[in-house]
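One structure is given below, encoded as structure tokens.
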Amino acid sequence: EHSFFGSEWQKRWCVLNRRTFYYYANEKSKQPKGTFPIEHYSAQLASHLRKDSRKRCCFELTCPGKRTYE
Numbered sequence: 090e091h092s093f094f095g096s097e098w099q100k101r102w103c104v105l106n107r108r109t110f111y112y113y114a115n116e117k118s119k120q121p122k123g124t125f126p127i128e129h130y131s132a133q134l135a136s137h138l139r140k141d142s143r144k145r146c147c148f149e150l151t152c153p154g155k156r157t158y159e
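Next up, the structure:
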């Protein structure tokens with residue numbers, strides 16, 4: 090499976106600050122692994138996950154006509 094953080098699912102610490110999404114290796118990391126703008130995006134829980142999925146706290150960021158992040 091794939092996510093926007095790389096070729097395989099990895100746990101990340103995420104921060105939303107104004108119109109920017111920051112993601113870190115973990116909660117104690119000082120520098121983000123990456124950032125991207127999220128103006129006009131909506132966030133919701135990922136609806137396609139099974140109840141027994143090992144992926145917890147999964148969400149998706151969507152915006153009509155733009156890339157969806159999961």
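Residue numbers (my numbering): 90 to 159.
Note that beta-carbon positions come from the ideal geometry of N, C-alpha and C, so glycine has one too.
In terms of residue numbering, what span does the beta strand (DSSP E) encompassing residue i cover?
i    : result
E149 : 148-151
Whole angstroms are fine: how far does the CA of residue j sit from the CA of residue i?
i    : j    : result
K155 : P126 : 12 Å
G123 : Q99  : 14 Å
K119 : Y112 : 11 Å
P153 : K117 : 34 Å
E149 : S131 : 8 Å
T109 : N115 : 18 Å
E90  : L105 : Annotation note: pLDDT 41 at E90 (below 50); position unreliable, no value reported.
W102 : C147 : 12 Å
In three-state terms, what does DSSP make of residue i?
i    : result
T124 : strand
H91  : Below a pLDDT of 50, predicted positions are generally treated as unreliable, and H91, at 42, falls in that range; the measurement from the model is reported next regardless. Coil at H91, not helix or strand.
S131 : strand
N106 : strand
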